[in-house]
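Colleague: In our numbering, the protein residues as written are 1 to 455.
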Ligand code: NAD
């Protein structure tokens, strides 16, 4: 039965992951993220004013959150919220709890959200938030007080018409419920539209919890046939077995794809003939109650399969590689070792721009995050619409609408990449930039001036 990974193995893997992350994070994530725009600019005809505007975040907020710990002591945590751009509508973006959260990371994530919302034609701008914390070290009560404290600190900065948070790494629907409740207490009225990804009983949408993985599945399943790939002849590896990664792995498994490897922060498992994904999901959810709301156990503790490290997983000889954990996982140090032919970015920013260049040269197709993982924000939009109308949709209706948007925009990105003979990431930015540029120009003042004079 189950072979337990040794503690030594776990520690070594964790230390390796963290030290690699530190090396890579020394170059600014934001400058890497925004460099992606440069390539796309050649193919769009938007004004210089609009381009200049898009180089900077509109508002960045940094807050200290005091937290009374269960033992009576006081700790202060650092929190952030960045609204990158709100030309197309209120800011939209998740809240991340992670020890590595920095303003640079939050700003980069808000930048990606701006393009993602434009790409999917959602009436939102881009935003993101986070707290620098290891939430697994907190009790459930401490986690709740921290989440409510964060909302206290940023309450003037968010709202259903201003900026609407959602879940991201290590935040979930329970935390969104606390946040919505705290905001409603401050406002002295029920404000379900302030946060999305809430429990269904508090105004959440059917299908929001699985939306990111489901949306990614629709994109993968609609684009792979263009390369002559069918489920039966496609092997898949998934890095990150959380909310997004476990759902896409499960749907691919159920559609007949062979998912041969999955991993989490501790390590991974590999089986040449394919893993039984539903049983791995069951195992993870059964071990959730320990350490507040997080799964204290790892996929590598489960199974009779071979244990592999995250580095091994990324270098597997599979058809499809799905990074679904954190940013910067495929970088200049390991891009050469990648053997997969198609990479679908379910995480935000898992491939650095240097790695992109190496992968392009190797003929590997990279399907970008701002398209592939946009299912989450799309169903967040549906949730916000339902909160404002008071009319709630069935799961089948949510998924039909999600599929229509994801497949439709994936086809448009594919068509742009063919038309301009550019990689898929550049195509996705061209598509988003065109929509954003039109909105920025429609708002702008440039046309009132001729040669520096008002006319
Ligand atoms: P999650 O917290 O549910 O899961 C994250 C998973 O990644 C966990 O299994 C964790 O163990 C694993 N992990 C962490 N560090 C790792 C490492 N170094 N190597 C391998 N695995 C590691 O988070 P999530 O919501 O699934 O988010 C994952 C990614 O998807 C993030 O980049 C997030 O921004 C992106 N994303 C999430 C959503 C959403 O709706 N949840 C939407 C869009 C994008």
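All C-beta atoms, glycine included, are put in the ideal place defined by N, C-alpha and C.
If you're wondering where the values come from, they're calculated on a predicted model, not measured in any experiment.
Can you tell which of 121, 151, 37 has its C-alpha closest to the C-alpha of residue 108?
Modeller: Residue 108 sits at position 108 when you count from the first residue of the chain shown. Residue 37 is the option with its Cα nearest to residue 108.
Colleague: Would you kindly work out how many angstroms separate the C-alpha atoms of residue 436 and residue 444, rounded to a whole number?
Modeller: As a working mapping, residue 436 is identified with position 436 in the chain shown. As a working mapping, residue 444 is identified with position 444 in the chain shown. When rounded, the distance between both Cα atoms is 12 Å.
Colleague: Could you tell me which of 46, 31, 68 sits nearest to residue 56, measuring between CA atoms?
Modeller: Residue numbering aside, residue 56 sits at position 56 when the chain shown is read from its first letter. With distances taken between Cα atoms, residue 56 lies closest to 31.
Colleague: Just the Cα atoms here: how many angstroms apart are residue 342 and residue 227?
Modeller: Indexing the chain shown from 1 puts residue 342 at position 342. Indexing the chain shown from 1 puts residue 227 at position 227. Approximately 10 Å between the Cα atoms of the pair.
Colleague: For residue 65, write down the residues that DSSP places opposite it in a beta bridge.
Modeller: By one-based count along the chain shown, residue 65 stands at place 65. DSSP output for residue 65 lists 77 as bridge partner(s).
Colleague: Using only alpha-carbon positions, find the residue among 76, 408, 286, 244 that is nearest to residue 167.
Modeller: As a first step, residue 167 is located in the chain shown; it is residue number 167 there, counting from the start. Of 76, 408, 286, 244, the residue nearest in Cα terms is 244.
Colleague: For residue 316, count the other beta carbons within 10 Å of its own beta carbon; 16 or more makes it buried, fewer makes it exposed. Which is it?
Modeller: The residue given as residue 316 occupies position 316 in the chain shown. Residue 316 comes out buried.
Colleague: For residue 425, count the other beta carbons within 10 Å of its own beta carbon; 16 or more makes it buried, fewer makes it exposed. Which is it?
Modeller: Working through the chain shown from its first residue, we reach residue 425 at position 425. Buried, since its Cβ has 16 or more Cβ neighbours within 10 Å.
Colleague: Within the same chain, show all residues whose beta-carbon is closer than 6 Å to that of residue 306, passing over the 5 residues directly before and after it, in chain order.
Modeller: Residue 306 sits at position 306 when you count from the first residue of the chain shown. Excluding residues within five positions, the ones whose Cβ falls inside 6 Å are 270.
Colleague: When the distance is taken between beta carbons, is residue 251 closer than 8 Å to residue 213?
Modeller: For this step, residue 213 is matched to residue 213 along the chain shown. For this step, residue 251 is matched to residue 251 along the chain shown. Closer than 8 Å, so yes.
Colleague: Within 10 angstroms of the Cβ of residue 387, are there 16 or more other Cβ atoms? Answer buried if so, exposed if not.
Modeller: For the purposes of this step, residue 387 is taken as the residue at position 387 of the chain shown. The residue is buried, with at least 16 neighbouring Cβ atoms inside 10 Å.
Colleague: In the structure shown, what three-state DSSP assignment does residue 253 receive?
Modeller: As a working note, residue 253 is residue 253 in the chain shown. Note: residue 253 maps to helix in three-state DSSP.
Colleague: Run the proximity test for residue 170: is its beta-carbon closer than 7 Å to any non-hydrogen atom belonging to the ligand NAD?
Modeller: Looking up residue 170 in the chain shown gives position 170. Under cutoff, so the answer is yes.
Colleague: What whole-angstrom Cβ distance do residue 266 and residue 280 have, given they're in contact under 8 Å?
Modeller: Counting from 1 along the chain shown, the entry for residue 266 is found at position 266. Counting from 1 along the chain shown, the entry for residue 280 is found at position 280. Their Cβ separation, rounded to whole angstroms, is 13 Å, which puts residue 266 and residue 280 out of contact at 8 Å.
Colleague: When the Cα of residue 90 is compared with those of 389, 381, 442, which residue comes out closest?
Modeller: Working through the chain shown from its first residue, we reach residue 90 at position 90. That would be 381, whose Cα lies nearest to the Cα of residue 90.
Colleague: Quick one: Cα of residue 273 to Cα of residue 311, how far?
Modeller: Position 273 of the chain shown, counted from the start, is the residue given in the question as residue 273. Position 311 of the chain shown, counted from the start, is the residue given in the question as residue 311. Distance between the alpha carbons of residue 273 and residue 311 is about 20 Å.
Colleague: Leaving out five residues on either side along the sequence, give the residues of the same chain with a beta carbon under 6 Å from the beta carbon of residue 12.
Modeller: Stepping through the chain shown from its first residue, residue 12 is reached at position 12. Residue confidence is low: residue 12 scores 34 on pLDDT, short of 50, so the model does not pin down where it sits. Its coordinate-derived value is still stated next. Taken in chain order, the list of residues that qualify is empty.
Colleague: Going along the chain, which residues of its own chain have a beta-carbon closer than 7 Å to the beta-carbon of residue 441, five neighbours each way excluded?
Modeller: Here residue 441 refers to the residue found at position 441 when the chain shown is read from its first residue. Result list for residue 441: 46, 47, 50, in chain order.
Colleague: Got a sec: is the Cβ-Cβ distance from residue 251 to anything in chain D below 8 Å?
Modeller: Absence of chain D from the displayed structure is noted, only one protein chain being present.
Colleague: Is it buried or exposed for residue 285, if we count other Cβ within 10 angstroms and need 16 for buried?
Modeller: Mapped onto the chain shown, residue 285 falls at position 285. Residue 285 should be labelled exposed.
Colleague: Could you tell me the boundaries of the alpha helix (DSSP H) in which residue 312 lies?
Modeller: Taking the chain shown and counting its residues from 1, one reaches residue 312 at position 312. It spans 310–314 - the alpha helix (DSSP H) in which residue 312 sits, taken as one unbroken run.
Colleague: Please report the distance separating the alpha-carbon of residue 422 from that of residue 59.
Modeller: In the chain shown, counting from the first residue as 1, residue 422 sits at position 422. In the chain shown, counting from the first residue as 1, residue 59 sits at position 59. The alpha-carbon atoms of residue 422 and residue 59 are separated by roughly 32 Å.
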